[in-house]
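Reading through the structure tokens given below for one structure.
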Amino acid sequence: MKILVAISNVPDTTSKIQFTENDTKFNSAGVTYIINPYDEWYALVRALELKETGAATQVTILHVGLTDSEATIRKGLALGADDAVRVDADSSDAFFVAEQIANYAKTNNYELIMLGKETINYNGSSVGAAVAGLLDYPFISLATKLDANGKTLTFEQDVDGGSQIIECDLPLVVSAAKGMAEQRIPNMRGIMAARTKPLTIVAPTAAQALTSIKSFSLNPGRTTCKMITEDNIAELVTLLHIEAKVI
Amino acid sequence: MSVLVYTEINKGQVKKSSLECVNYAAHIAKQLNLPVVALVNNTSGAPLTDIGNAGASKILQANNQAALSDNAIASELIENAAKSENAKVIIFAFDTSGKAIAPRAAAKLKAGLVAGAIDYPVINGTSFEIKKNVFSGKASAVYTILSEVKVISLLPNSFKTVLASNSAQIVDFNPSLTTPLRIKIKEIKSNDSGETAPLPEAELVVSAGRGLKGPENWGIIEELAKSLGATTACSRPVADMHWRPHHEHVGQTGLAIRPNLYIAIGISGAIQHLAGVNGSKTIVVINNDKEAPFFKSADYGIVGDAFSIVPKLIEEIKKFKANQN
Ligand SMILES: Cc1cc2nc3c(=O)[nH]c(=O)nc-3n(C[C@H](O)[C@H](O)[C@H](O)COP(=O)(O)OP(=O)(O)OC[C@H]3O[C@@H](n4cnc5c(N)ncnc54)[C@H](O)[C@@H]3O)c2cc1C
Ligand SMILES: Nc1ncnc2c1ncn2[C@@H]1O[C@H](COP(=O)(O)O)[C@@H](O)[C@H]1O
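Listed in order, the protein sequences are those of chains A and B.
The numbering of the first sequence is the numbering used here, which starts it at 64 and goes up by one.
The numbering of the second sequence is the numbering used here, which starts it at 7 and goes up by one.
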């Protein structure tokens, strides 16, 4: 079984969010980029574990993006992926990204495609299900556990009001949520090896973006916090009822 | 032509998030002068009157058990409905099932999707501009949908549901589908106490963090939640240490919620925690450190020891509730 892990390149979780060019672009000045946490901690690490136990033969990471994401891709290689592919294209539309992932997976016979549950910049939770649709593969969303037994995979996934254990045969697409694996730190050997592992750059397949971003704005923060003293808790209840009207 | 809405039943009732979607669809349909058609699968006898009251004029009632376990089949069902009703706009809830189905249906229909919309679209001729949160709630972006058919999934709790007397025509909808059933459900584990709303839909949430010191101290948190009729949540380390079940974890890597009231007790207010809760309408913070960052993102704050404040708050809420009745 060959596994393709789709990784996204996102601003570090503590980044200051600012926009430029008349609020039409994210201002990346001074921002550190990382692999999207769900893609790295859960999807990629679980894929590597499957290779370590012999269930998978190859783990490839795929990223749709421009040259500035090379450091992120190398980090994925340092963690242990065998090789990497970058589809050389801007990646703001989920459908366009999904077309790229689906196309690469199909032409190169990947049976298991793993993604994160969502990116922390666009929060779309969209690419995985779209990839599955384009390939006509089943889609397992929000999986918190994944085990392989030959061609049959077992998952635990979150659903409304609980979770469920399900089974599905390859090929398939899965989105990974917290629980699937534990975060790893790359070691020195991994970092050295990453420098010489193959990173292939491929041209995008023809696909049309179906959405575009017109503008950004910062969400207003809360301006003032009303402080209430411990001996006056009845006042809080009154404020929640009369002022905030939430109880 | 129509505006199509995908609706679901939970515990014998139309889901609250589905009714929000029907309302939202009705708002768009009015501008486009189109009817609202709702698709519902496996009603098992649940009353559908509220779908009409929320603004649908027609309900397509499917009876497809397989679509409940395999989202690929649910998607094909919706694609069929979209074609037979000539849907120009399709609305989903941005919840567990909507996230699994909407992007698939959109990709199949080559329709642009805005996932997690927080406002009505601005409609200008054939162009739709829609706002959604990005950067985990720190900012929002206006997306333009470029395709002819538009798919929108709506962030739950973004709109109040308004019901008016209106009856919808119910028609059976069972097209023949080609997608095989490939996902087998082996076991369902419920964590549904049945008493309070599930966290993603909850209007009132009481949440606690590492400041509570240990799982044995959650009694006061549960009691406070009970006195309000609220659902409980927690910070990530609390779930990681197994003090609380992981489905209660909110934040960047957990659930993003936007209740009317979020009470945070013994939570410092790290940026990754805020990412999951800063869409809440009102935030109350209880923390013994007056410098805790959470106070900067709160509407009301109390500085002090949770172990003495929470019991007092429970008492005051009980008094308030008693006076209300
Ligand atoms: C990539 C990434 C993703 C993350 N995702 C999430 C996420 O999704 N959700 C999340 O929650 N965190 C997340 N974190 C972790 C986050 O950074 C914080 O570490 C975490 O939120 C802290 O949890 P806490 O507030 O419960 O604990 P602490 O930071 O330890 O805070 C405890 C608070 O309790 C107060 N306190 C102590 N005793 C009392 C008392 N007796 N009465 C009242 N108050 C008291 C203290 O003053 C303190 O403010 C993430 C981190 C990273 C790097
Ligand atoms: N540009 C990209 N390149 C590769 N994978 C991506 C890209 N964008 C998103 N993904 C994958 O799709 C998942 C869901 O992304 P999203 O739909 O944007 O929330 C992510 O967790 C990644 O696994």
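Using N, Cα and C, we set each Cβ at its ideal position, and we do this for glycine too.
Just so we're clear, the structure is a prediction, and the values are computed from it rather than from any experiment.
Closest Cβ-Cβ distance between Asp295/B and chain A: below 8 Å?
Here residue 295/B refers to the residue found at position 289 when the second sequence is read from its first residue. Against chain A, the CB of Asp295/B has no partner CB under 8 Å away; the residue lies outside that interface.
On the CB-based measure, 16 or more other CB atoms within 10 Å of its CB, does Leu303/A come out buried or exposed? Counted from its first residue, the first sequence places residue 303/A at position 240. Classified as buried, Leu303/A has 16 or more neighbouring CB atoms from the shown chains inside 10 Å of its CB.
Notebook entry, point to check: Looking only at its own chain, which residues have a Cβ that is under 6 Å from the Cβ of Thr132/B, when we skip the five neighbours before and after it?
Noted result: Taking the second sequence and counting its residues from 1, the one referred to as residue 132/B is at position 126. No residues qualify anywhere along the chain.
>> Would the region 290–302 of chain B count as touching the region 264–282 of chain B if we require 3 or more Cβ pairs under 8 Å?
In response: Three or more pairs of CB atoms, one per stretch, sit closer than 8 Å, so the region 290–302 of chain B contacts the region 264–282 of chain B.
query: Using 8 Å as the limit for Cβ to Cβ distance, is Glu103/A near chain B?
result: Here the question's residue 103/A lines up with position 40 in the first sequence. Interface criterion not met: the Cβ of Glu103/A is under 8 Å from no Cβ in chain B.
Considering only the alpha carbon of each residue, which of Arg109/A, Leu209/A, Ile124/A and Val108/A lies closest to Asn72/A?
Translated into positions along the first sequence, residue 72/A becomes position 9. Of the candidates Arg109/A, Leu209/A, Ile124/A and Val108/A, the one whose C-alpha sits nearest the C-alpha of Asn72/A is Ile124/A.
Can you list, in chain order, the stretches of the alpha helix (DSSP H) that have 4 or more residues and sit fully within the region 168–225 of chain A? Fully enclosed alpha helix (DSSP H) runs of 4 or longer: 190–198.
Determine, for Pro109/B, whether the minimum Cβ-Cβ distance to residues of chain A falls below 8 Å.
Indexing the second sequence from 1 puts residue 109/B at position 103. When Cβ-Cβ separations below 8 Å define contact, Pro109/B makes contact with chain A.
Worksheet item: Run through DSSP, which three-state label would Ala44/B get?
Response: As a working note, residue 44/B is residue 38 in the second sequence. The answer is strand: DSSP assigns Ala44/B an E or B state.
Check your understanding: Would Tyr149/B count as contacting chain A if we go by Cβ distances under 8 Å?
Key -> Residue 149/B sits at position 143 when you count from the first residue of the second sequence. Contact of Tyr149/B with chain A is assigned, a C-beta pair being separated by under 8 Å.
Is Phe165/B helix, strand or coil by DSSP?
One-based indexing of the second sequence puts residue 165/B at position 159. The answer is coil: DSSP assigns Phe165/B none of H, G, I, E or B.
Original post:
Got a sec: does ligand 2 put a non-hydrogen atom nearer than 7 Å to the Cβ of Gly104/B?
Top reply: The residue given as residue 104/B occupies position 98 in the second sequence. No, Cβ of Gly104/B sits at least 7 Å from all heavy atoms of ligand 2.
Among Lys65/A, Leu142/A, Asp86/A and Asn212/A, the one whose alpha carbon lies nearest that of Ile98/A
Within the first sequence, the letter at position 35 stands for residue 98/A. Nearest option by C-alpha distance: Leu142/A.
* On the three-pair Cβ rule with 8 Å, is the region 279–293 of chain A touching the region 134–147 of chain B? -> Short answer: they touch.
Can the beta-carbon of Ile203/A be found closer than 8 Å to that of Cys231/A? Along the first sequence, one-based indexing puts residue 203/A at 140. Along the first sequence, one-based indexing puts residue 231/A at 168. With contacts defined as CB atoms closer than 8 Å, Ile203/A and Cys231/A qualify as a contacting pair.
Q. Is any beta-carbon of chain B found at less than 8 Å from that of Ile228/A?
A. Walking along the first sequence from the start, residue 228/A turns up at place 165. Chain B, which has a Cβ nearer than 8 Å to the Cβ of Ile228/A, makes this yes.
Original post:
Given a threshold of 16 other Cβ atoms within 10 Å of its Cβ, counted over all protein chains shown, does Arg258/A qualify as buried or as exposed?
Top reply: The sequence position of residue 258/A within the first sequence is 195, counting from 1. Classified as exposed, Arg258/A has fewer than 16 neighbouring CB atoms from the shown chains inside 10 Å of its CB.
Fill in: Span separating the alpha-carbon of Tyr105/A from that of Glu91/B
Start at 1 with the first residue of the first sequence, and residue 105/A comes out as number 42. Start at 1 with the first residue of the second sequence, and residue 91/B comes out as number 85. Annotation: Tyr105/A to Glu91/B spans about 40 Å, alpha carbon to alpha carbon.
Next on the checklist: With the cut-off set at 8 Å, would you say Cys27/B and Thr13/B are in Cβ contact?
Outcome noted: Position 21 of the second sequence, counted from the first residue, corresponds to residue 27/B. Position 7 of the second sequence, counted from the first residue, corresponds to residue 13/B. Remark: C-beta atoms of Cys27/B and Thr13/B approach each other more closely than 8 Å.
Secondary structure at Thr135/A, three-state DSSP: helix, strand or coil? Here residue 135/A corresponds to residue number 72 of the first sequence, with the count starting at 1. Three-state DSSP puts Thr135/A in a helix.
query: Apart from the five residues on each side of it in sequence, which residues of its chain come closer than 7 Å, Cβ to Cβ, to Met184/A?
result: For the purposes of this step, residue 184/A is taken as the residue at position 121 of the first sequence. Residue 184/A is actually Asn in this sequence, not Met. Counting only residues of its own chain and dropping the five nearest sequence neighbours on each side, Asn184/A has a CB closer than 7 Å to the CB of Val73 and Pro74.
Is the Cβ-Cβ distance between Arg109/A and Ala195/A less than 8 Å? Here the question's residue 109/A lines up with position 46 in the first sequence. Here the question's residue 195/A lines up with position 132 in the first sequence. Cβ atoms of Arg109/A and Ala195/A: not closer than 8 Å.
Original post:
Rounded to the nearest angstrom, how far is the Cβ of Ala60/B from that of Ala78/B, given a contact under 8 Å?
Top reply: Your numbering for residue 60/B matches position 54 in the second sequence. Your numbering for residue 78/B matches position 72 in the second sequence. Taking a contact as a CB-CB distance under 8 Å, the pair Ala60/B and Ala78/B does not count as one, their CB atoms being some 28 Å apart.
Margin query: Is there a Cβ of chain B sitting closer than 8 Å to that of Glu84/A, yes or no?
Written below: Translated into the one-based positions of the first sequence, residue 84/A becomes position 21. With 8 Å as the cut-off, Glu84/A does not count as an interface residue toward chain B.
message = I'd like the list of long-range same chain contacts for Lys324/B, defined as Cβ closer than 6 Å, with 5 residues on each side in sequence excluded.
response = On the second sequence, residue 324/B is found 318 positions in, with the first residue counted as 1. In its chain, beyond the 5 residues on either side, Ser233 have a beta carbon closer than 6 Å to the beta carbon of Lys324/B.
query: Where in the region 183–247 of chain B do unbroken runs of the alpha helix (DSSP H), each at least 4 residues long, occur, reported from the N-terminal end onward?
result: Runs of the alpha helix (DSSP H) inside the region 183–247 of chain B: 225–234 and 242–246.
Roughly how many angstroms lie between the CA atoms of Asn334/B and Leu160/B, to the nearest whole one? It is not possible to answer for residue 334/B, since the shown part of chain B is limited to 7 through 331.
Exercise. Look at the Cβ atom of Val43/B, then the Cβ atom of Ile15/B, and state whether they are nearer than 8 Å.
Key: Against the second sequence, residue 43/B aligns to sequence position 37. Against the second sequence, residue 15/B aligns to sequence position 9. Note that the C-beta distance between Val43/B and Ile15/B is not below 8 Å.
Of all the residues that make up the region 45–62 of chain B, which are near chain A by a beta-carbon distance shorter than 7 Å?
Within the region 45–62 of chain B, not one residue has a Cβ closer than 7 Å to any Cβ of chain A.
message = If contacts are defined as beta-carbon pairs under 8 Å, then Ile277/B and Ile292/B qualify, I think. What distance do you get, rounded to the angstrom?
response = Within the second sequence, residue 277/B is the residue found at index 271, counting from 1. Within the second sequence, residue 292/B is the residue found at index 286, counting from 1. Actually they are not in contact, since the Cβ atoms of Ile277/B and Ile292/B sit about 20 Å apart, beyond 8 Å.
- Query: Out of Ala307/A, Asn295/A, Lys308/A and Ile305/A, which has the shortest C-alpha to C-alpha gap to Leu319/B?
  - Reply: Here residue 319/B refers to the residue found at position 313 when the second sequence is read from its first residue. Measuring from the Cα of Leu319/B, the nearest candidate turns out to be Asn295/A.
_Ile254/A - containing beta strand (DSSP E), residue span_ = Here residue 254/A corresponds to residue number 191 of the first sequence, with the count starting at 1. Where Ile254/A is concerned, there is no enclosing beta strand (DSSP E), although the alpha helix (DSSP H) it sits in stretches over Met251 to Ala257.
State the start and end residues of the unbroken beta strand (DSSP E) segment that holds Gln246/A. One-based indexing of the first sequence puts residue 246/A at position 183. In the DSSP assignment, Gln246/A falls outside any beta strand (DSSP E) and carries neither an H nor an E.
Helix, strand or coil at Cys288/A according to DSSP, with G and I counted as helix: Within the first sequence, numbered from 1, the residue matching residue 288/A stands at position 225. Correct three-state label for Cys288/A: coil.
Residue list, Cβ distance to ligand 1 heavy atoms smaller than 5 Å
This selection yields Thr76/A, Pro100/A, Gly215/B, Arg216/B, Gly217/B, Ser241/B, Arg242/B, Pro243/B, Gly257/B, Gln258/B, Thr259/B, Gly260/B, Gly272/B, Ile273/B, Ser274/B, Ala276/B, Gln278/B, His279/B, Asn293/B, Asn294/B, Asp295/B, Ala298/B, Asp311/B and Ala312/B.
Checking contacts by CB at 8 Å: is Gln175/B closer than that to chain A? On the second sequence, position 169 is the one that residue 175/B refers to. Judged by the 8 Å Cβ criterion, Gln175/B is not in contact with chain A.
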